[in-house]
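2 protein chains.
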Amino acid sequence: MSAHQSELIAAEAAPIFAALGDTTRLSLLSRLNDGQPRSVVQLTAGTGLTRQGVRKHLGVLEAVGLVMRERVGRESRFVYQPTGIETAKQHLERASAQWDNAIERLKRRLEGD
Amino acid sequence: MSAHQSELIAAEAAPIFAALGDTTRLSLLSRLNDGQPRSVVQLTAGTGLTRQGVRKHLGVLEAVGLVMRERVGRESRFVYQPTGIETAKQHLERASAQWDNAIERLKRRLEGD
DNA sequence: GTCATAGGCAACTTGGAGGTTGCTTATGAA
DNA sequence: TTCATAAGCAACCTCCAAGTTGCCTATGAC
């Protein structure tokens, strides 16, 4: 992967990580993770928050592409969207790889050129 | 993995994601990613922020275990710590796996029991 | 021993995140 | 057609995160 592409992934990864950095949103996502669309009221149940509060969290998830909204009748259904998580995973995997690489080089140097 | 363990990973993943959800910190991390310890002044260079500002970001990264601090003489050296990224990666991988599973089940059901 | 450098710590400012209440509109059910 | 339900929207509150300035301390260099 080019350095340019790396920068791009990093730039788009930060907002995704930020969206994931909240227990409420993480929990909402894990509930939507089964692929089933759910309405706002459904998703509000069990959170201890108001409908509007949950709606804001869903807005954040939607803004970074982690979920999608579809209007059905008077309901707003939210659906899990796998691409966002995939982007985040790629970023972390690249970080892991760079780290492994650095360690490997360090080891070789220690073991005597 | 047990449901209990899942909950634990989720609970400790959120603060890590939050720490990663900032471009400055993401960039600091990627610079430390090569395993080389770096002082605060070194890490400040190129950020456009003050030393104290950068120091705060490093404090956040340290608080969630993404980096470690070691005092050497009058310097504070910060070192990359791979375990945090590993935890975050595990969480995302679990999410991906659940998703794949759900899709697979859906497909089987559609293809006619 | 003196001076420059690295860093810690505290106080302060500001914008936005997370949450609420209150009101209005659309749609489904009876 | 009337009423209950789902949701949107706006205004507001509160608190913390991000960043700054300013000052003090410790350590290395000369």
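Those protein sequences? They're chains A and B, same order as listed. Under our numbering, the residues of the first sequence are numbered -10 to 102, in order. Under our numbering, the residues of the second sequence are numbered -10 to 102, in order. For each residue, glycine too, the CB sits at the ideal point set by N, CA and C. It should be emphasised that the depicted structure is a prediction, and the values quoted were computed from it without experimental measurement.
Name, please, each residue of chain B whose Cβ falls closer than 7 angstroms to the Cβ of residue i.
{"i": "L95/A", "result": "G24"}
{"i": "Q31/A", "result": "Near Q31/A there are no residues of chain B at all, since even the closest Cβ is about 17 angstroms away, more than 7 angstroms."}
Hey, residue i and residue j: beta-carbon distance below 9 angstroms or not?
{"i": "T39/A", "j": "S16/A", "result": "no"}
{"i": "E75/B", "j": "S85/A", "result": "yes"}
{"i": "G10/A", "j": "A8/B", "result": "yes"}
{"i": "R27/B", "j": "V49/B", "result": "no"}
{"i": "K78/B", "j": "K78/A", "result": "yes"}
{"i": "G24/B", "j": "I92/A", "result": "yes"}
Quick check on residue i: buried or exposed, where buried means 16 or more other Cβ atoms within 10 Å of its Cβ?
{"i": "N90/B", "result": "exposed"}
{"i": "L21/B", "result": "buried"}
{"i": "T72/B", "result": "exposed"}
{"i": "L99/B", "result": "exposed"}
For a contact defined as C-beta to C-beta under 9 angstroms, what are the partners of residue i on chain A?
{"i": "F6/B", "result": "I5, F6, A7, A8, L9, G10, D11, L15, A77"}
{"i": "A91/B", "result": "N22, D23, G24, Q25, Y69"}
{"i": "S28/B", "result": "What S28/B touches in chain A: nothing, since even the nearest Cβ is about 19 angstroms away."}
So residue i contacts chain A; which residues on that side make the cut at Cβ distance below 8 angstroms?
{"i": "L81/B", "result": "I74, A77, K78, L81"}
{"i": "S65/B", "result": "Those within 8 angstroms of S65/B in chain A number zero; the least Cβ separation is about 21 angstroms."}
{"i": "A84/B", "result": "L18, S19, N22, I74"}
Is the segment 61 to 75 of chain A touching the segment 43 to 62 of chain B, taking contact as three or more C-beta pairs under 8 angstroms? Segments in contact, no.
For the segment 11 to 66 of chain A, list the alpha helix (DSSP H) runs that are entirely contained and at least 4 residues long, ordered along the chain. Here the runs fully enclosed are 12 to 21, 29 to 33, 40 to 52.
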